[in-house]
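Before any comments, here is the structure.
Protein chains: 4
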Amino acid sequence: MSRTALDYEDTWFTPEELAQLRRRLPFTYINALPVKVGANGSLERVGLLLRSLDDGTLGRELISGRVRFHETIRDALVRHTETDLGPMALPQVPVAMQPFTIAEYFPTEGISKLHDSRQHAIALCYILPVQGECSPRQDALSLDWLTPEEAVRPDIISEMRHGQEHVLKQGLAFLGALPS
Amino acid sequence: MSRTALDYEDTWFTPEELAQLRRRLPFTYINALPVKVGANGSLERVGLLLRSLDDGTLGRELISGRVRFHETIRDALVRHTETDLGPMALPQVPVAMQPFTIAEYFPTEGISKLHDSRQHAIALCYILPVQGECSPRQDALSLDWLTPEEAVRPDIISEMRHGQEHVLKQGLAFLGALPS
Amino acid sequence: MSRTALDYEDTWFTPEELAQLRRRLPFTYINALPVKVGANGSLERVGLLLRSLDDGTLGRELISGRVRFHETIRDALVRHTETDLGPMALPQVPVAMQPFTIAEYFPTEGISKLHDSRQHAIALCYILPVQGECSPRQDALSLDWLTPEEAVRPDIISEMRHGQEHVLKQGLAFLGALPS
Amino acid sequence: MSRTALDYEDTWFTPEELAQLRRRLPFTYINALPVKVGANGSLERVGLLLRSLDDGTLGRELISGRVRFHETIRDALVRHTETDLGPMALPQVPVAMQPFTIAEYFPTEGISKLHDSRQHAIALCYILPVQGECSPRQDALSLDWLTPEEAVRPDIISEMRHGQEHVLKQGLAFLGALPS
Numbered sequence: 106m107s108r109t110a111l112d113y114e115d116t117w118f119t120p121e122e123l124a125q126l127r128r129r130l131p132f133t134y135i136n137a138l139p140v141k142v143g144a145n146g147s148l149e150r151v152g153l154l155l156r157s158l159d160d161g162t163l164g165r166e167l168i169s170g171r172v173r174f175h176e177t178i179r180d181a182l183v184r185h186t187e188t189d190l191g192p193m194a195l196p197q198v199p200v201a202m203q204p205f206t207i208a209e210y211f212p213t214e215g216i217s218k219l220h221d222s223r224q225h226a227i228a229l230c231y232i233l234p235v236q237g238e239c240s241p242r243q244d245a246l247s248l249d250w251l252t253p254e255e256a257v258r259p260d261i262i263s264e265m266r267h268g269q270e271h272v273l274k275q276g277l278a279f280l281g282a283l284p285s
Numbered sequence: 106m107s108r109t110a111l112d113y114e115d116t117w118f119t120p121e122e123l124a125q126l127r128r129r130l131p132f133t134y135i136n137a138l139p140v141k142v143g144a145n146g147s148l149e150r151v152g153l154l155l156r157s158l159d160d161g162t163l164g165r166e167l168i169s170g171r172v173r174f175h176e177t178i179r180d181a182l183v184r185h186t187e188t189d190l191g192p193m194a195l196p197q198v199p200v201a202m203q204p205f206t207i208a209e210y211f212p213t214e215g216i217s218k219l220h221d222s223r224q225h226a227i228a229l230c231y232i233l234p235v236q237g238e239c240s241p242r243q244d245a246l247s248l249d250w251l252t253p254e255e256a257v258r259p260d261i262i263s264e265m266r267h268g269q270e271h272v273l274k275q276g277l278a279f280l281g282a283l284p285s
Numbered sequence: 106m107s108r109t110a111l112d113y114e115d116t117w118f119t120p121e122e123l124a125q126l127r128r129r130l131p132f133t134y135i136n137a138l139p140v141k142v143g144a145n146g147s148l149e150r151v152g153l154l155l156r157s158l159d160d161g162t163l164g165r166e167l168i169s170g171r172v173r174f175h176e177t178i179r180d181a182l183v184r185h186t187e188t189d190l191g192p193m194a195l196p197q198v199p200v201a202m203q204p205f206t207i208a209e210y211f212p213t214e215g216i217s218k219l220h221d222s223r224q225h226a227i228a229l230c231y232i233l234p235v236q237g238e239c240s241p242r243q244d245a246l247s248l249d250w251l252t253p254e255e256a257v258r259p260d261i262i263s264e265m266r267h268g269q270e271h272v273l274k275q276g277l278a279f280l281g282a283l284p285s
Numbered sequence: 106m107s108r109t110a111l112d113y114e115d116t117w118f119t120p121e122e123l124a125q126l127r128r129r130l131p132f133t134y135i136n137a138l139p140v141k142v143g144a145n146g147s148l149e150r151v152g153l154l155l156r157s158l159d160d161g162t163l164g165r166e167l168i169s170g171r172v173r174f175h176e177t178i179r180d181a182l183v184r185h186t187e188t189d190l191g192p193m194a195l196p197q198v199p200v201a202m203q204p205f206t207i208a209e210y211f212p213t214e215g216i217s218k219l220h221d222s223r224q225h226a227i228a229l230c231y232i233l234p235v236q237g238e239c240s241p242r243q244d245a246l247s248l249d250w251l252t253p254e255e256a257v258r259p260d261i262i263s264e265m266r267h268g269q270e271h272v273l274k275q276g277l278a279f280l281g282a283l284p285s
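Residue numbers (my numbering), protein chains in the order written: chain A, 106 to 285; chain B, 106 to 285; chain C, 106 to 285; chain D, 106 to 285.
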């Protein structure tokens, strides 16, 4: 297949190339915490994805994915939301690009609270209200809508991957909804 | 009429009382910049209210109003949006209470860029996407949806009241949409 | 003593007047979480004030106080920091007025996580790095510099007043330093 | 020279490799706007670097640089500040990682207000108060401390590189210091 200057797809990289690059450069990611809110904007539920992991176990995750070459952050947010929640989720993409925090995932466990054995990822973290119907796709088995109290229960927290319970709690705190 | 401890209404104050208090205490306000955004959250239009002013002239303003005793900021945002844009505006009240800035209006002109001859007002400033139909009410003659370029035109800026062109520009800059 | 239009001091109000107004209007406050940070800005310690309370017990608080008529938020932050930490604290007043959150204290317990039996207070919340020597004054018995882990210990949390443990945790989360 | 798993340096990439990768992956950057502030945190001056560019002309820039593999954002901020301002600048690295905005530079001119012909860069933008002495190094000819009014003068703006006048104005607006 021929390549052109406008060919910005991941197919520029073989899986082996990508795996190798992930050990040499930080990758820019977006993390999004899907939420259901009331008419006055107050938090009602947060959505956590339940995925089947490579090692055969189950794990919970936020919406997450990398920003591609020549892709805007907005477009990356829309793309990953559609991949994870389906085409009818009607997400409210943030109007401002200021994230509520930056999450830094390191490949070496113990360096920070967040780790990802594959890579060094720098994730811009957003709150993502969704108004429509969510239908998890691909490797996501379900999307569970939890109250803040349920979301921070030890059994739920213990299922979170990559230390994302910390991003979840930061998001809840940012919304003024971190349970006592 | 008798008063009770649960009587939190403005009727606690006569207009004279309120006018006097405005010279002695800072009042907490909300300012909201109504916006129309595209599917990916990017700014398309900002809404400016055109009002008939006490002195008979016209002036442009943001959504603005004070927070009442025992009222949440969310409820104040909903109330003032409904007053200014009508009941069908379907505003997306912010999910987090972090404002994009705080606007400080002083009664003495020249102390800051923002002034309000009636009072010292401290306004929490939010971006407010609206999805529905707006029908300006009360003293608002119209709500004009302007492109960012139009909103900062000298003739529009010159009509802004209280120095709110500065809050408008701060909002546009926060959205990455301040024209060159 | 005569009063003039430039006489913006609290002496405009008798204690009785102020107590009465606190039941009729929301008061604008600042809350500040004093912190010690390392050379790269990472959090090392948070400071909590230990105060002797009206009822004879002890309680822990953030830096807190109201914004006076005609006072800027910056000046209120400097004034309350000097009152609570002494004149040699060398606080780094925030360069931007965007707070990390807004704390809403209601006089009625149970309406929100934050309450203040005296008043409805709307507090702009800031992180305040201090570089100098702190000498608590007035009713503050001590300023204790705690690690994030110590600050959220149940015995410390139980001493926090007005539900300010929630503001503390929001601040720690905002700094990426909320303990697991 | 042998390589080890802990060898995270740029020497992993030849200049040719790096140039090629910049056309295939977005690079994570930090942008920092150096500022001088008064005792109460209000903006006094912003610092703009004057550099000698590859094409022999002069241009103005913010502090800017990429985040390396396995490097924290804080360490990248410290490293690039030291490179650009010298070792005695005493920068106040932000206590929270929430940037005031994200700047997206695309290699294709015209797609966004920001462009960088070498790469797609996603820059986390911070305000950086400096307290010490700055001595520009390497390719920086001078660091000029300008008032906000001077910084947005047409002759200064016209010297800004990569469209960074937009990031500058966003920073000034975030600080409430964008000139009329």
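Virtual Cβ for every residue (Gly too), placed ideally from N, Cα, C.
**OP:** Measure the C-alpha to C-alpha separation of C:M265 and C:E209 and round it to an integer number of angstroms.
**Re:** Taking the first residue of the third sequence as position 1, residue 265 of chain C is located at position 160. Taking the first residue of the third sequence as position 1, residue 209 of chain C is located at position 104. One C-alpha to the other measures close to 16 Å.
Original post:
Residues of chain D with CB under 7 Å from B:K274, in chain order?
Top reply: Locating residue 274 of chain B in the second sequence gives position 169, where the first residue counts as 1. In chain order: A278, L283.
**OP:** Could you list which residues in chain B have their beta carbon closer than 8 Å to that of C:Q203, in chain order?
**Re:** Translated into the one-based positions of the third sequence, residue 203 of chain C becomes position 98. Those within 8 Å of C:Q203 in chain B are Q203, P204, F205, T206, I207.
**OP:** Taking only beta-carbon positions, decide if B:T133 is within less than 7 Å of chain C.
**Re:** Residue 133 of chain B sits at position 28 when you count from the first residue of the second sequence. Contact of B:T133 with chain C is assigned, a C-beta pair being separated by under 7 Å.
**OP:** Measure from the alpha carbon of D:C239 to the alpha carbon of each residue in D:L195, D:H267, D:S217, then state which is nearest.
**Re:** Numbered from 1 along the fourth sequence, position 134 holds the residue referred to as residue 239 of chain D. Just measuring C-alpha positions, the residue of D:L195, D:H267, D:S217 sitting nearest D:C239 is D:L195.
Original post:
So which of D:D160, D:A256, D:S263 has the shortest CA-CA distance to D:R150?
Top reply: Your numbering for residue 150 of chain D matches position 45 in the fourth sequence. Comparing C-alpha distances from D:R150 to each of D:D160, D:A256, D:S263 shows the shortest one belongs to D:A256.
Subject >> Contact check, A:I135 vs A:A181, beta carbons under 7 Å >> reply: In the first sequence, counting from the first residue as 1, residue 135 of chain A sits at position 30. In the first sequence, counting from the first residue as 1, residue 181 of chain A sits at position 76. Contact: yes.
Original post:
Closer than 8 Å, Cβ to any Cβ of chain A: which residues of the stretch 219-248 of chain B, in chain order?
Top reply: Within the stretch 219-248 of chain B, the residues whose Cβ lies closer than 8 Å to any Cβ of chain A are, in chain order, I232, P234.
Subject >> N- and C-terminal bounds of the beta strand (DSSP E) containing A:V257 >> reply: To locate residue 257 of chain A, count along the first sequence from 1; it is residue 152. It is not in any beta strand (DSSP E) - A:V257 carries neither H nor E in the DSSP assignment.
**OP:** Determine the direct distance from the alpha carbon of C:F211 to that of C:R128, and round the result to whole angstroms.
**Re:** Residue mapping note: residue 128 of chain C aligns to position 23 of the third sequence, counting from 1. Residue mapping note: residue 211 of chain C aligns to position 106 of the third sequence, counting from 1. Cα to Cα, C:R128 sits roughly 10 Å from C:F211.
Subject >> Contact with chain C by D:P199, beta-carbon distance below 7 Å >> reply: Counting from one through the fourth sequence, the residue named residue 199 of chain D turns up at place 94. D:P199 counts as touching chain C.
**OP:** Just confirm the distance between the C-beta atoms of A:H225 and D:H175, as a whole number of angstroms; I'd bet it's less than 8 Å.
**Re:** The residue labelled residue 225 of chain A in the question sits at position 120 within the first sequence. The residue labelled residue 175 of chain D in the question sits at position 70 within the fourth sequence. Between A:H225 and D:H175, the beta carbon gap of about 6 Å places them in contact (Cβ cut-off 8 Å).
Subject >> Meets three-Cβ-pair contact criterion under 8 Å: the stretch 273-284 of chain A and the stretch 129-148 of chain C >> reply: Two segments are said to touch when three or more pairs of C-beta atoms, one from each, lie closer than 8 Å; by this definition the stretch 273-284 of chain A does not touch the stretch 129-148 of chain C.
**OP:** Could you name the residues of the same chain whose beta carbon sits closer than 8 Å to that of A:S247, not counting the 5 residues immediately before and after it, in chain order?
**Re:** The residue you call residue 247 of chain A lines up with position 142 of the first sequence. If the five residues before and after A:S247 are omitted, its C-beta is found closer than 8 Å to the C-beta atoms of L154, L155, P241, all from its own chain and listed in chain order.
Subject >> Burial state of C:D159, where buried means 16 or more other Cβ atoms lie within 10 Å >> reply: The count along the third sequence starts at 1 and reaches residue 159 of chain C at position 54. C:D159 comes out exposed.
Original post:
Interface residues of chain C around D:R179 at Cβ under 7 Å?
Top reply: By 1-based counting over the fourth sequence, the position of residue 179 of chain D is 74. Near D:R179 (Cβ distances below 7 Å), the residues of chain C are N145, G146, S147.
Original post:
Does the beta carbon of B:R129 come closer than 7 Å to any beta carbon on chain C?
Top reply: Within the second sequence, residue 129 of chain B is the residue found at index 24, counting from 1. B:R129 counts as touching chain C.
Original post:
For the beta strand (DSSP E) that B:I178 lies in, which residues bound it at each end?
Top reply: The sequence position of residue 178 of chain B within the second sequence is 73, counting from 1. In the DSSP assignment, B:I178 falls outside any beta strand (DSSP E) and lies within the alpha helix (DSSP H) extending over 178-190.
Original post:
Just how far apart, CA to CA, sit C:Q125 and C:E166?
Top reply: Here residue 125 of chain C refers to the residue found at position 20 when the third sequence is read from its first residue. Here residue 166 of chain C refers to the residue found at position 61 when the third sequence is read from its first residue. Straight-line Cα distance between these residues: approximately 24 Å.
Original post:
Should C:V172 be flagged as near chain B, meaning a C-beta pair shorter than 7 Å?
Top reply: Looking up residue 172 of chain C in the third sequence gives position 67. So yes, C:V172 belongs to the interface.
**OP:** Write down every uninterrupted run of the beta strand (DSSP E) in the stretch 121-177 of chain A whose length is 3 residues or greater and which is fully enclosed by it, in chain order.
**Re:** Restricting attention to beta strand (DSSP E) runs no shorter than 3 residues, the stretch 121-177 of chain A encloses them at 132-142, 148-157, 163-166, 168-171, ordered along the chain.
**OP:** For the beta strand (DSSP E) holding C:A278, just list the boundary residues, first then last.
**Re:** By 1-based counting over the third sequence, the position of residue 278 of chain C is 173. Here C:A278 belongs to no beta strand (DSSP E); instead the alpha helix (DSSP H) covers 270-279.
Subject >> Contacts around C:L229, its chain only, beta-carbon distance under 6 Å, and the 5 residues preceding and following it disregarded >> reply: Against the third sequence, residue 229 of chain C aligns to sequence position 124. The beta carbon of C:L229 lies closer than 6 Å to those of I135, P204 in the same chain, with the five residues before and after it left out.
Subject >> Short Cβ contact (7 Å threshold) for A:H185 with A:G161 >> reply: On the first sequence, residue 185 of chain A is found 80 positions in, with the first residue counted as 1. On the first sequence, residue 161 of chain A is found 56 positions in, with the first residue counted as 1. Going by C-beta atoms, A:H185 is not nearer than 7 Å to A:G161.
Original post:
Between the C-alpha atoms of C:V172 and B:P131, what's the straight-line distance to the nearest angstrom?
Top reply: Within the third sequence, residue 172 of chain C is the residue found at index 67, counting from 1. Within the second sequence, residue 131 of chain B is the residue found at index 26, counting from 1. Answer to the nearest angstrom: the Cα atoms are 7 Å apart.
Original post:
If we count the other Cβ atoms within 10 Å of its Cβ and call it buried at 16 or more, is C:R258 buried or exposed?
Top reply: Along the third sequence, one-based indexing puts residue 258 of chain C at 153. Sixteen is the threshold: since fewer than 16 other Cβ atoms of the shown chains lie within 10 Å of the Cβ of C:R258, the residue is exposed.
Original post:
Given B:V183, which residues of its chain have a CB within under 8 Å of its CB, disregarding the five upstream and five downstream residues?
Top reply: Here residue 183 of chain B is taken as the residue at index 78 of the second sequence, counted from 1. Residues P196, V198 of the same chain have their beta carbon placed closer than 8 Å to that of B:V183, with the five preceding and five following residues left out of the count.
Original post:
Where does A:I207 fall in DSSP's three states?
Top reply: Against the first sequence, residue 207 of chain A aligns to sequence position 102. In this structure, A:I207 counts as strand in the three-state DSSP scheme.
Subject >> Same chain, Cβ closer than 6 Å to C:L111, five either side skipped, listed in chain order >> reply: Translated into positions along the third sequence, residue 111 of chain C becomes position 6. A caution first: C:L111 carries a pLDDT of 42, below 50, which makes its placement in the model too unreliable to give a value.
Original post:
Closest Cβ-Cβ distance between A:H185 and chain D: below 7 Å?
Top reply: Here residue 185 of chain A refers to the residue found at position 80 when the first sequence is read from its first residue. Not closer than 7 Å to any Cβ of chain D, the Cβ of A:H185 fails to qualify, so no.
Original post:
Do you know whose CA, among A:D244, A:S263, A:Q236, lies nearest A:W250's CA?
Top reply: Translated into the one-based positions of the first sequence, residue 250 of chain A becomes position 145. Ranked by Cα distance from A:W250, the first of A:D244, A:S263, A:Q236 is A:Q236.
**OP:** Flag A:H175 as yes if its beta-carbon sits less than 7 Å from any beta-carbon of chain D, otherwise no.
**Re:** Numbered from 1 along the first sequence, position 70 holds the residue referred to as residue 175 of chain A. Taking Cβ atoms only, chain D reaches closer than 7 Å to A:H175, which makes this a yes.
**OP:** Please state whether DSSP places B:I232 in a helix, a strand or coil.
**Re:** Counting from one through the second sequence, the residue named residue 232 of chain B turns up at place 127. In the three-state DSSP reduction, B:I232 falls in the strand class (E or B).
Original post:
Closer than 7 Å, CB to CB, is A:V151 near chain B or not?
Top reply: The residue you call residue 151 of chain A lines up with position 46 of the first sequence. Chain B, which has no Cβ nearer than 7 Å to the Cβ of A:V151, makes this no.
Original post:
Taking Cβ to Cβ, would you say B:L138 is nearer than 7 Å to B:G276?
Top reply: Your numbering for residue 138 of chain B matches position 33 in the second sequence. Your numbering for residue 276 of chain B matches position 171 in the second sequence. Yes.
Subject >> Burial state of B:T119, where buried means 16 or more other Cβ atoms lie within 10 Å >> reply: As a first step, residue 119 of chain B is located in the second sequence; it is residue number 14 there, counting from the start. B:T119 comes out exposed.
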